[in-house]
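Order-wise, the sequence lines are chains A and B. FYI, in our numbering the residues of the first sequence are 51 to 278. FYI, in our numbering the residues of the second sequence are 51 to 278. We put the CB at the ideal spot given by N, CA and C, even for glycine. Here the structure comes first, spelled out in structure tokens, and everything after it is commentary.
There are 2 protein chains.
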Amino acid sequence: MTPSDTKTWTSETVAGDLERAIHEHRLPPGTKLGEDELGEAYGISRTLVRAALQALSYRRLVELKRNRGAFVAQPTVAEAREVFEARALLEPRTARSAAERMTPEALATLRDHIAAEHTALHAGETGHALFLSGEFHILIAQIADQKTIEDFVSELISRSSLIIALYWRRRAALCESQAHHALIDAFEARDGALAEELMKSHLLDLMASLDLRNLVARPQSLREALGR
Amino acid sequence: MTPSDTKTWTSETVAGDLERAIHEHRLPPGTKLGEDELGEAYGISRTLVRAALQALSYRRLVELKRNRGAFVAQPTVAEAREVFEARALLEPRTARSAAERMTPEALATLRDHIAAEHTALHAGETGHALFLSGEFHILIAQIADQKTIEDFVSELISRSSLIIALYWRRRAALCESQAHHALIDAFEARDGALAEELMKSHLLDLMASLDLRNLVARPQSLREALGR
DNA sequence: GTTCACGATCTTGTATACAATATTGAGCCC
DNA sequence: GGGCTCAATATTGTATACAAGATCGTGAAC
Chain A
51 MTPSDTKTWT SETVAGDLER AIHEHRLPPG TKLGEDELGE AYGISRTLVR
101 AALQALSYRR LVELKRNRGA FVAQPTVAEA REVFEARALL EPRTARSAAE
151 RMTPEALATL RDHIAAEHTA LHAGETGHAL FLSGEFHILI AQIADQKTIE
201 DFVSELISRS SLIIALYWRR RAALCESQAH HALIDAFEAR DGALAEELMK
251 SHLLDLMASL DLRNLVARPQ SLREALGR
Chain B
51 MTPSDTKTWT SETVAGDLER AIHEHRLPPG TKLGEDELGE AYGISRTLVR
101 AALQALSYRR LVELKRNRGA FVAQPTVAEA REVFEARALL EPRTARSAAE
151 RMTPEALATL RDHIAAEHTA LHAGETGHAL FLSGEFHILI AQIADQKTIE
201 DFVSELISRS SLIIALYWRR RAALCESQAH HALIDAFEAR DGALAEELMK
251 SHLLDLMASL DLRNLVARPQ SLREALGR
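What follows is the structure in structure tokens.
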């Protein structure tokens, strides 16, 4: 993270940074994102902050409340269900397509990704591991080579991180390592049907780990969460 | 359309108006959307224009080119395929869900919609008919009562209007009237499986009507297209 | 006639100023 | 102590000013 006096932040990079912070649960659901505070933190004017926040609101990561400000979104139980239903519709398909298009390079990338996730977990960096876990799914969608669906998946993954922050009840790491490894095997075998089935059950498993009756949120100061 | 001196335009309403104009092919793909020109047309400052354009860029209806301006998007052939593939993945499901949830009121709304479309066609308002035709699909997604997927469908429908502007080769009205009527029958019978199948073939039919080898674009002045 | 360079002007990117609205704290009353 | 009111302050919404970059027209050179 670059210090604020380096002045390299655009609205896009700020949005990306905030999204990362949200994804890694450094900015929990419900956190207020003040324009002035963010402007000071990043060393930019409110104009760019507002653009970044608008961008995040289109990804449903941030809720803009007129005259009241921007807040990290807090998906309802209904929204949680919807997001995972949408994932259940799209991701098995991307898994199948990815398997059919798999290359040694792509496979290596996926493996590196899992390794990085394990490393982060062992180092106690659960937020980073969470981010990488979600990125694994996005990588699959990228390999599937369908940008439109990839974009939807990307948004759903980001929103999932909020849902997980609010509703996750399983002690274990987010995605069962085994499930990702099984997917890797299906990809190596270029077995589209298997990849599709594995993704379906993986997502069912994820959804089963959500307690869609609880709601928790913990705001904290912005500077602290962004580490500046 | 309210005259510009009434000062009721927000960035959201401007974005909605522009989206409507794009959808009805009054703003063709490739049209430059100048900030000052739009600000004058709507009687607002560039601040709100920029926000509206950013909103439209997130829906992929407008392409923002840094230092060069905003243009109505021109989907490539690849994008066209992707959009219809994504629709093929999502809309049969929404059709099924809609059928299972159908009420007499919702059915009446759909029927009214088709009637309005016919009226527009007979009046020679092809742009309006086109808009209503797309709205029919969005209505189905709304009845399906899954907001997340509905939002994706809405975006895909809007992008479809651009694709149709560029690649449509059939002389007939956009969606075959018969296909929409058959869907209505399936909805009336609350036959989810039939609705799903009908939607699948309807979308295949639509995609078959696109000539994904041609590219046409016709810019024109903004004031003219917006009728102000 | 064609091409290139340069300057003027236009347009977009961003910061800042001003307007509008919400929040908070102090004081007063019951 | 609790509730209400009001003013000060903070924050958001929007316009405007200034900076940066792109475009276009003109004149000179070939």
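Tell me which residues of the stretch 168-199 of chain B have at least one Cβ-Cβ distance to chain A shorter than 7 Å, keeping chain order. Gln196, Lys197, Thr198 and Ile199
Can you tell me whether Leu233(A) is helix, strand or coil according to DSSP? Stepping through the first sequence from its first residue, residue 233(A) is reached at position 183. Residue state, collapsed to three classes: helix.
What residue from Ala158(B), Leu88(B) and Ser227(B) has the CA that sits closest to Asp255(B)'s CA? As a first step, residue 255(B) is located in the second sequence; it is residue number 205 there, counting from the start. The residue with the shortest Cα to Cα distance from Asp255(B) is Ser227(B).
Can you find a CB in chain A that lies within less than 8 Å of the CB of Tyr217(B)? Here residue 217(B) refers to the residue found at position 167 of the second sequence. Taking Cβ atoms only, chain A never reaches closer than 8 Å to Tyr217(B), which makes this a no.
Between Asp124(B) and chain A, is there a C-beta pair that is closer than 8 Å? Against the second sequence, residue 124(B) aligns to sequence position 74. Per the sequence shown, residue 124(B) should be read as Gln rather than Asp. Cβ-Cβ to chain A under 8 Å: no for Gln124(B).
Does the CB of Arg143(B) have a neighbour CB from chain A at under 8 Å? Translated into positions along the second sequence, residue 143(B) becomes position 93. Yes, Arg143(B) lies at the interface with chain A (some Cβ there is under 8 Å from its Cβ).
Report yes or no: is there a C-beta of chain B within less than 8 Å of the C-beta of Glu129(A)? Translated into the one-based positions of the first sequence, residue 129(A) becomes position 79. Closer than 8 Å to some Cβ of chain B, the Cβ of Glu129(A) qualifies, so yes.
Assuming the contact rule is C-beta atoms closer than 8 Å, Thr159(A) and Leu180(A) should be a hit. Round their C-beta distance to whole Å, please. Here the question's residue 159(A) lines up with position 109 in the first sequence. Here the question's residue 180(A) lines up with position 130 in the first sequence. No, Thr159(A) and Leu180(A) are not in contact; Cβ-Cβ is about 19 Å, not under 8 Å.
Leu260(B) (DSSP reduced to helix, strand or coil): If you number the second sequence from 1, residue 260(B) lands on position 210. Annotated three-state conformation of Leu260(B) is strand, per DSSP.
Between Gly242(B) and Ile234(B), what straight-line distance do the alpha-carbon atoms span, to the nearest angstrom? If you number the second sequence from 1, residue 242(B) lands on position 192. If you number the second sequence from 1, residue 234(B) lands on position 184. In a straight line, the C-alpha of Gly242(B) is about 11 Å away from that of Ile234(B).
Measure the Cβ-Cβ separation of Leu216(A) and Ala232(A) and say whether it is below 8 Å. Stepping through the first sequence from its first residue, residue 216(A) is reached at position 166. Stepping through the first sequence from its first residue, residue 232(A) is reached at position 182. Contact flag unset, no.
The beta strand (DSSP E) enclosing Gly174(A), as first and last residue numbers: As a position in the first sequence, residue 174(A) is number 124, starting the count at 1. Counting along the chain, Gly174(A) falls outside any beta strand (DSSP E), and DSSP gives it neither H nor E.
Measuring only the C-alpha atoms, how far is Trp218(A) from Thr198(B)? As a position in the first sequence, residue 218(A) is number 168, starting the count at 1. As a position in the second sequence, residue 198(B) is number 148, starting the count at 1. Approximately 20 Å between the Cα atoms of the pair.
Just reading off the alpha helix (DSSP H) that Ala148(A) is part of, what are its end residues? Position 98 of the first sequence, counted from the start, is the residue given in the question as residue 148(A). It spans Val127 to Arg151 - the alpha helix (DSSP H) in which Ala148(A) sits, taken as one unbroken run.
Cβ pair Val122(B), Leu77(B) closer than 8 Å: The sequence position of residue 122(B) within the second sequence is 72, counting from 1. The sequence position of residue 77(B) within the second sequence is 27, counting from 1. The answer is yes: Cβ separation under 8 Å.
Are the beta-carbon atoms belonging to Leu114(A) and Ser107(A) less than 8 Å from one another? Walking along the first sequence from the start, residue 114(A) turns up at place 64. Walking along the first sequence from the start, residue 107(A) turns up at place 57. The answer is yes: Cβ separation under 8 Å.
Does any residue of chain B have a CB that is nearer than 8 Å to the CB of Glu150(A)? By 1-based counting over the first sequence, the position of residue 150(A) is 100. So, not an interface residue.
Considering only the beta carbon of each residue, do Ser183(A) and Glu167(A) sit closer than 8 Å? Within the first sequence, residue 183(A) is the residue found at index 133, counting from 1. Within the first sequence, residue 167(A) is the residue found at index 117, counting from 1. Going by C-beta atoms, Ser183(A) is nearer than 8 Å to Glu167(A).
Can you pull the chain A residues whose beta carbon is under 8 Å from the beta carbon of Leu114(B), in chain order? Residue mapping note: residue 114(B) aligns to position 64 of the second sequence, counting from 1. The premise fails here: Leu114(B) is roughly 11 Å from chain A at the closest Cβ pair, so nothing lies under 8 Å.
At the level of alpha carbons, what is the spacing between Thr153(B) and Ala128(A)? For the purposes of this step, residue 153(B) is taken as residue 103 along the second sequence, with counting starting at 1. For the purposes of this step, residue 128(A) is taken as residue 78 along the first sequence, with counting starting at 1. Computed Cα separation, rounded: 21 Å.
Expressed to the nearest angstrom, what Euclidean distance is found between the alpha-carbon atoms of Arg151(B) and Ile193(B)? Translated into positions along the second sequence, residue 151(B) becomes position 101. Translated into positions along the second sequence, residue 193(B) becomes position 143. Between Arg151(B) and Ile193(B), the C-alpha separation is close to 7 Å.
Would you check if the distance between the CB atom of Ser61(A) and the CB atom of Ala120(A) is smaller than 8 Å? Looking up residue 61(A) in the first sequence gives position 11. Looking up residue 120(A) in the first sequence gives position 70. No; because the gap between Cβ atoms is not below 8 Å, this pair is not in contact.
Taking 8 Å as the threshold (C-beta atoms), are Val133(A) and Arg209(A) in contact? Taking the first residue of the first sequence as position 1, residue 209(A) is located at position 159. Taking the first residue of the first sequence as position 1, residue 133(A) is located at position 83. Yes; because the gap between Cβ atoms is below 8 Å, this pair is in contact.
Three-way DSSP call (helix, strand, coil) for Leu77(A) in this model: Within the first sequence, the letter at position 27 stands for residue 77(A). Taken through DSSP and simplified to helix, strand or coil, Leu77(A) comes out as coil.
Return the CA-CA distance between Ala130(A) and Gly174(B), expressed in angstroms with no decimal places. Reading the first sequence from its first residue, position 80 is the one you call residue 130(A). Reading the second sequence from its first residue, position 124 is the one you call residue 174(B). Straight-line Cα distance between these residues: approximately 44 Å.
Given that a residue counts as buried once 16 or more other Cβ atoms are within 10 Å of its Cβ, and exposed if not, what is His252(A)? Walking along the first sequence from the start, residue 252(A) turns up at place 202. With 16 or more Cβ atoms within 10 Å of its Cβ, His252(A) is classed as buried.
Within-8 Å CB hit, Ala138(B) to chain A: Residue 138(B) sits at position 88 when you count from the first residue of the second sequence. No, no contact with chain A.
Taking only the alpha-carbon atoms, compute the straight-line gap between Phe186(B) and His163(B) and give it to the nearest angstrom. Along the second sequence, one-based indexing puts residue 186(B) at 136. Along the second sequence, one-based indexing puts residue 163(B) at 113. Cα to Cα, Phe186(B) sits roughly 7 Å from His163(B).
Residue range of the unbroken alpha helix (DSSP H) whose run includes Ala105(B): By 1-based counting over the second sequence, the position of residue 105(B) is 55. Note, Ala105(B): alpha helix (DSSP H), Arg96 to Tyr108.
Counting C-beta neighbours from all protein chains within 10 Å, is the total for Thr126(B) 16 or more, i.e. buried, or is it exposed? Taking the first residue of the second sequence as position 1, residue 126(B) is located at position 76. So Thr126(B) counts as exposed.
Three-state secondary structure assigned by DSSP to Ala156(A): Within the first sequence, the letter at position 106 stands for residue 156(A). DSSP places Ala156(A) in helix when its eight states are reduced to three.
Are the C-beta of Glu132(B) and some C-beta of chain A separated by less than 8 Å? One-based indexing of the second sequence puts residue 132(B) at position 82. Yes, Glu132(B) counts as interfacial toward chain A.
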